[in-house]
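Working notes, beginning with the structure itself.
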Amino acid sequence: MGTTVVKFASDPSGLKDAMRLVDFFEKQKHGRTSWASIQSMCRPGKEDEKDPNFVKLDKRT
Numbered sequence: 020m021g022t023t024v025v026k027f028a029s030d031p032s033g034l035k036d037a038m039r040l041v042d043f044f045e046k047q048k049h050g051r052t053s054w055a056s057i058q059s060m061c062r063p064g065k066e067d068e069k070d071p072n073f074v075k076l077d078k079r080t
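Dropping the structure here:
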């Protein structure tokens, strides 16, 4: 696994490109909706919080 940072232009075309990327990930079942459903199926326990691979959804987004 790794992390990738994508920088978009700060104009309407950059917003359009970002939205296209969001749509792509949603179609591949890797978007926010898919991650939220995975999180709701698994309730974190004390051991899960120590796992560095455990993913938490940021409720602010």
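First residue of the sequence shown? That's 20 in the numbering used here, and the numbers climb one at a time after it. Where is the CB? At the ideal position from N, CA and C, for every residue including glycine. All figures in this text were calculated on a predicted structure; none of them were measured in a lab.
{"Check": "Rounded distance between the beta-carbons of VAL25 and PHE40, thought under 8 Å", "Outcome": "Reading the sequence as shown, one finds Leu at residue 40 and not Phe. Between VAL25 and LEU40 the Cβ distance is about 7 Å, and since that is below 8 Å, they are a contact."}
{"Check": "Cα-Cα separation, GLY33 to ASP42", "Outcome": "14 Å"}
{"Check": "For MET38 and SER29, the rounded distance between their alpha carbons", "Outcome": "13 Å"}
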